[in-house]
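Visitor: Shown below is the structure under consideration.
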Amino acid sequence: MTVYDIVLFVHITSVIVMFAGVTADWLAVGGLRSTRDAGAAHAWIRTLEISAAFGPSARFAVLGAGLYLAVDAWSWPGWIIVGLISWVAFVILGEPLTGRELREMAAGVRAEHGTLPPALIARMHLPRMWQAVVTRVGLGIGVVFVMAVKPPVAVAGMAVVLGALAGYSAARLTSRPGRAGIHPRAQAR
Ligand code: HEM
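Numbering of the sequence shown is given in the numbering used here, commencing with residue 2 and proceeding in unit increments.
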């Protein structure tokens, strides 16, 4: 057993933990979109907080171990560059894009009891949050394909773009006004 094997193990384990975080975010944002009750919303906010407690470390462990593997045994083929760019996109779809909105929404939910006010419900339905979490799932699956198959750069690029587009389209289709159980006018506010 070599150091490379151990780092590969760390890389893959961190990927699994990273996906656990993405799944938790996905369920929590989906759960928040389908409730008007403060008690249920508190539980989903707690899920987001738990995911935020380990998600960033997992993402950086994926990067650190991935860089080690890339430098140790590979001479930067295109699929690794695609993996690196996708990792950056993955991070941008999290905290930089929706972090502030999520924190503000969490603070609002924590202050409520009983039925949530329409303005807060509208905030929980912001399409951007849903689109970001579901796009991440698609992008992540695209990267797993790239890492496992190690295809030529064009195929690798196409795989992650298609993965992200599939996620984004799924989010658009499932966030149409009316499906979320809220009046479209409230959603536009
Ligand atoms: C979203 C981010 C990432 C995911 C989901 C991911 C996923 C994976 C998976 C599942 C494997 C195992 C493939 C196999 O053993 O056949 C792997 C291997 C690997 N990854 Fe990543 N990875 C990510 C980011 C990165 C980054 C940013 C780098 C480097 C800059 C990287 C470099 C590597 C390398 C070099 C291997 C080596 C595989 C081998 O020796 O077979 N990965 N990755």
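C-beta atoms are modelled at their ideal positions from N, C-alpha and C, and glycine is treated no differently.
Quantities reported herein were computed from a predicted structural model and do not represent experimental measurements.
1. Expressed to the nearest angstrom, what Euclidean distance is found between the alpha-carbon atoms of Gln-188 and Leu-33?
2. Please report the straight-line C-alpha distance between Thr-3 and Asp-73, rounded to a whole angstrom.
3. Quick check on the DSSP output: the alpha helix (DSSP H) that includes Thr-136 runs from which residue to which?
4. Extract the residue ranges of the alpha helix (DSSP H) inside the stretch 26 to 63, only unbroken runs of 4 or more that lie entirely within it.
5. Any heavy atom of the ligand HEM closer than 8 angstroms to the Cβ of Ala-71?
6. Compare the C-alpha of Arg-145 against each of Val-134, Val-156, Met-125 and Val-161 and name the closest.
7. Got a sec, what are the start and stop residues for the alpha helix (DSSP H) Thr-175 sits in?
8. For Trp-45, which residues in the same chain have their Cβ closer than 7 angstroms to its Cβ, ignoring the five residues on either side in sequence?
9. Which one or two residues does DSSP pair with His-116 in a beta bridge?
10. Less than 9 angstroms between the C-beta atoms of Leu-140 and Phe-91, yes or no?
11. Buried or exposed: His-114, going by 16 or more other Cβ atoms within 10 Å of its Cβ?
12. Is there at least one non-hydrogen atom of the ligand HEM closer than 8 angstroms to the beta-carbon of Phe-61?
13. Put Met-19 into one of helix, strand or coil per three-state DSSP.
Guide: Judging by the given coordinates:
1. Position 187 of the sequence shown, counted from the first residue, corresponds to residue 188. Position 32 of the sequence shown, counted from the first residue, corresponds to residue 33. Since pLDDT at Gln-188 reaches only 43, below the 50 mark, its modelled position is unreliable, and the value read off the structure follows with that caveat. Gln-188 and Leu-33: Cα-Cα distance of roughly 14 angstroms.
2. Numbered from 1 along the sequence shown, position 2 holds the residue referred to as residue 3. Numbered from 1 along the sequence shown, position 72 holds the residue referred to as residue 73. Whole-angstrom Cα-Cα distance: 12 angstroms.
3. Against the sequence shown, residue 136 aligns to sequence position 135. Segment 128 to 150, the alpha helix (DSSP H) holding Thr-136.
4. Here no run is fully enclosed.
5. As a first step, residue 71 must be located in the sequence shown, where it is residue number 70. Ala-71: yes, Cβ under 8 angstroms from the ligand HEM.
6. The residue you call residue 145 lines up with position 144 of the sequence shown. Looking at the sequence provided, one finds Val at residue 145 rather than Arg. Of the candidates Val-134, Val-156, Met-125 and Val-161, Val-161 places its Cα closest to the Cα of Val-145.
7. For the purposes of this step, residue 175 is identified with residue 174 of the sequence shown, where counting begins at 1. Per DSSP, Thr-175 belongs to the alpha helix (DSSP H) from 154 to 175.
8. For the purposes of this step, residue 45 is taken as the residue at position 44 of the sequence shown. Answer for Trp-45: Ala-29, Gly-32 and Leu-33, listed in chain order.
9. Mapped onto the sequence shown, residue 116 falls at position 115. Note on residue identity: the sequence assigns Thr, not His, to residue 116. Asp-38, per the DSSP bridge assignment.
10. Position 139 of the sequence shown holds residue 140. Position 90 of the sequence shown holds residue 91. Yes.
11. One-based indexing of the sequence shown puts residue 114 at position 113. With fewer than 16 Cβ atoms within 10 Å of its Cβ, His-114 is classed as exposed.
12. Here the question's residue 61 lines up with position 60 in the sequence shown. Flag unset: Cβ of Phe-61 not near the ligand HEM.
13. Position 18 of the sequence shown holds residue 19. Residue state, collapsed to three classes: helix.
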